[in-house]
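One structure is given here, and the rest of the page talks about it.
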Amino acid sequence: MAQGTGGALPFARSAIQGRQLADLEGHRVPDPRYRLRPQGIQGRTGKGIPDPPRFPQVPAGAFRRQRLRGGRSAREGPQTTGWKKPLRPLQDLRGPQGTADHKVRPLKSHPLGKKTSQDKKGTGPFDHNAGNPQHLKPPRNPPAHPFGPTARHIPRGPQKLKAISQGSKAGGLQGKGNKGFLFGDRGGQAVMRFGVLGGGYWGKNIIRNLLKMPGVEVALICDPHRGTREEIARDFGLKVTGEPDAVLEAPGIDAVLIVTPPSLHYLPAKKALLAGKHVFVEKPMAMDYAQGEELLTLSERQGKVLFVDETFLYDPALRLVKELVQGEAIGPVRHVLSERLGMGRIRCESNVWWNSAPHDLSIIRFILPGKVTSITVKGNAFIQDGLEDVAMGLLELQGGVTCFVHLSWCHPHSTASLTVVGEKGAIFYEGRFKKRKVILYRYQFGEKPRDIVWGIPSPNLIPAQATEERTWTDFGPTEPLYASLEAFLRAIKEGFEAPSLGKYSLETLRVLDAGHRSLKEGGIRVQV
Numbered sequence: 169m170a171q172g173t174g175g176a177l178p179f180a181r182s183a184i185q186g187r188q189l190a191d192l193e194g195h196r197v198p199d200p201r202y203r204l205r206p207q208g209i210q211g212r213t214g215k216g217i218p219d220p221p222r223f224p225q226v227p228a229g230a231f232r233r234q235r236l237r238g239g240r241s242a243r244e245g246p247q248t249t250g251w252k253k254p255l256r257p258l259q260d261l262r263g264p265q266g267t268a269d270h271k272v273r274p275l276k277s278h279p280l281g282k283k284t285s286q287d288k289k290g291t292g293p294f295d296h297n298a299g300n301p302q303h304l305k306p307p308r309n310p311p312a313h314p315f316g317p318t319a320r321h322i323p324r325g326p327q328k329l330k331a332i333s334q335g336s337k338a339g340g341l342q343g344k345g346n347k348g349f350l351f352g353d354r355g356g357q358a359v360m361r362f363g364v365l366g367g368g369y370w371g372k373n374i375i376r377n378l379l380k381m382p383g384v385e386v387a388l389i390c391d392p393h394r395g396t397r398e399e400i401a402r403d404f405g406l407k408v409t410g411e412p413d414a415v416l417e418a419p420g421i422d423a424v425l426i427v428t429p430p431s432l433h434y435l436p437a438k439k440a441l442l443a444g445k446h447v448f449v450e451k452p453m454a455m456d457y458a459q460g461e462e463l464l465t466l467s468e469r470q471g472k473v474l475f476v477d478e479t480f481l482y483d484p485a486l487r488l489v490k491e492l493v494q495g496e497a498i499g500p501v502r503h504v505l506s507e508r509l510g511m512g513r514i515r516c517e518s519n520v521w522w523n524s525a526p527h528d529l530s531i532i533r534f535i536l537p538g539k540v541t542s543i544t545v546k547g548n549a550f551i552q553d554g555l556e557d558v559a560m561g562l563l564e565l566q567g568g569v570t571c572f573v574h575l576s577w578c579h580p581h582s583t584a585s586l587t588v589v590g591e592k593g594a595i596f597y598e599g600r601f602k603k604r605k606v607i608l609y610r611y612q613f614g615e616k617p618r619d620i621v622w623g624i625p626s627p628n629l630i631p632a633q634a635t636e637e638r639t640w641t642d643f644g645p646t647e648p649l650y651a652s653l654e655a656f657l658r659a660i661k662e663g664f665e666a667p668s669l670g671k672y673s674l675e676t677l678r679v680l681d682a683g684h685r686s687l688k689e690g691g692i693r694v695q696v
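Residues in the sequence shown are numbered consecutively from 169, following the numbering used here.
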């Protein structure tokens, strides 16, 4: 009996681990036929003794029966209509070369819009039935964008200035009489009322930190998914809604925090600014440099704070790195390597460059004085055609400094590290919150050989050694995200010059946009 159970255990483990992956995604249920077998291999200790089971030993068919019954774990919340789709093999996601399936499938309904009748037929944004070419055709009458017109319909020129002027009259500065407070007299109000747009993985982290902050009231949370709204209401006891405008245009909300996918940053940020609200937006602030400039101009006209959540800039460990670099602890900087690698959390609406590179580019901007002068980016779309999941960028900075940025969603080892190489040593920074550390290395070089044998220096080696001079691991219990939110609040109340204000983050967006052009044109060198 024990032997039979052990034989089924790898299958059961794979199914359960796959189920946990589906829990993170929130909308897919794995099919046991497409499990990853290495996940079911039982590990062994150094003495060769098998590790104890990480998961309960259940019959191999138990997960299958549970899936057929429609059972869901407590973490998943209530069943959401039209979202229970099986994972499929990689070749089904990619589609045959030279056919319509080879292109990225258009969304039949917007992820933050209301569900349409098409969703009920299984052709919504999370449908994986790619075998029918009809599913690949865009709808004849696409549903309205949840935040108003799409980007190509945004008024520009005189119409844009007119819209900005109307927004300023509606909820912005009220003339020259605003005195006593940074952005106008608040009538003695001490508590700032915040609304949050997006209650997913990162949105919940933001809500959790906001509830710890004095002087802040979380007034309303918006998320398009009923299960997420019920979970937030149950776990945090907050008011929730499924309508974005209820947050973006509510007169009683002072600031809006936009925690949505990158393609859904620009439009809600613009609507919130036009409604006279301060804006905290996830990185990047937009998917286009011109849109970022428009948001910054609008925030300045409205007299409101535009703040980008470049969380790592508020990590005391990274601030230590900046102090060491500025103090020339390693001498003049020659080279930088930034790596952001891992497996999972693969996005379906934007590539790894737009999702991950903002962190690395903002860090480079923060610790080094020189601006990026040119960029070259190469990538590969392994999982989804047209959406790169791995990218490597080469940045050239003023002063001759070079930076390599390595990004991947398909890497077996997870890291968020930075290595700064100078003439006298190097600094290593690990940015994952629970594994943060900074290491200072000192270089020692021997003399260059003077003898020449057969025209080659002999011995043909220069002795070199890197010694670990000091390591820092204790940076306090405060989360960088909490410090970022605190900086946003101070920027509103005190005019604090936070390093991720829109006017500074716009430089990151400039480099991002140039890198995107290089990536899409086959890795050409683009001047920034």
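Beta carbons are placed, not taken as given, at the ideal position from N, Cα and C, and that holds for glycine.
Per DSSP, the bridge partner or partners of residue i
i	result
Asn628	Beta-bridge pairing links Asn628 to no other residue.
His574	Glu507 and Met560
Arg361	Glu385
Val449	Ile426 and Val476
Gln612	Gln633
Gly547	Ala559
Thr587	Leu505 and Phe596
Trp640	Val606
With 16 other Cβ atoms within 10 Å as the buried cut-off, status of residue i
i	result
Lys539	exposed
Pro648	buried
Ile660	buried
Glu665	exposed
Ser626	exposed
Gly383	exposed
Thr639	exposed
Thr396	buried
Glu491	exposed
Leu621	In the sequence as presented, Leu is not what sits at residue 621; that position holds Val. Looking at its Cβ environment, which holds fewer than 16 other Cβ atoms inside 10 Å, Val621 is exposed.
Glu637	exposed
Val112	The structure shown does not extend to residue 112, since the chain is modelled only from 169 to 696, so the question has no answer here.
Ser582	exposed
Glu689	exposed
Thr676	buried
Gly111	In the structure as shown, the chain starts at 169 and stops at 696, and residue 111 therefore has no counterpart that could be examined.
Ala358	exposed
Residue from the options with nearest C-alpha to residue i
i	options	result
His446	Ala437, Ala454 and Pro452	Ala437
Ala655	Pro645, Gly644, Phe643 and Leu669	Leu669
Leu442	Glu417, Leu425, Ile421 and Glu450	Glu417
Ile607	Ser626, Leu586, Phe601 and Ile620	Leu586
Pro580	Gly510, Phe480 and Leu653	Gly510
Tyr609	Phe550, Leu555 and Glu496	Glu496
Thr479	Asn373, Asp553, Glu411 and Gly410	Asn373
Gly420	Ile389, Arg361 and Arg394	Arg361
Pro392	Pro382, Glu411 and Leu555	Glu411
Asp403	Phe601, Ile375, Leu562 and Val696	Ile375
Gln552	Met453, Asp681 and Cys516	Cys516
Gly568	Thr541, Asn548 and Val588	Thr541
Pro526	His684, Gly367 and Val473	His684
Lys602	Val473, Ala584, Gly368 and Leu464	Ala584
Ala485	Glu662, Gly644, Lys671 and Pro667	Gly644
Gly405	Val415, Ala414 and Val386	Val386
Arg600	Thr635, Thr641 and Glu615	Thr641
Close Cβ partners of residue i (< 8 Å) along its chain, the five nearest in sequence each way excluded
i	result
Met455	Pro430, Ser431, His433, Tyr434, Ser518 and Trp522
Asn628	Pro617
Trp370	Val427 and Glu450
Leu657	Met360, Met381, Gly383 and Val384
Leu388	Gly363, Val364, Leu406, Lys407, Val408, Thr409, Ala414, Val415, Ala418 and Ile421
Beta-carbon separation (whole angstroms), residue i vs residue j, contact threshold 8 Å
i	j	result
Ile535	Val489	6 Å
Ile532	Val501	Rounded, the Cβ-Cβ distance is 11 Å, inconsistent with contact.
Met453	Ser673	6 Å
Residues of its chain near residue i, where Cβ-Cβ distance is below 7 Å and the 5 sequence neighbours each way are ignored
i	result
Gly691	Thr544, Val545 and Lys546
Ser524	Arg508 and Leu575
Val679	Leu529, Val540, Ile543 and Val696
Tyr482	Pro648, Ala651, Ser652 and Ala655
Residue-level contact to chain D via CB, residue i, 8 Å cutoff
i	result
Ala632	Structure shown: chain D not included; a single protein chain is present.
Contacting residues, own chain, Cβ-Cβ under 6 Å from residue i (five flanking each side not counted)
i	result
Gly499	Gly590, Glu591 and Lys592
Trp577	Ile514, Val520 and Asp557
Gln459	Tyr434
Met560	Lys546 and His574
Ala632	Phe613
Phe448	Leu425, Phe475 and Phe656
Ser506	Asp528, Val573 and Leu586
Val694	Ile543, Ala682, Arg685 and Ser686
Ser285	A caution first: Ser285 carries a pLDDT of 37, below 50, which makes its placement in the model unreliable, though a value can still be read off. Contacts found: none.
Ala440	Leu416, Val424 and Val447
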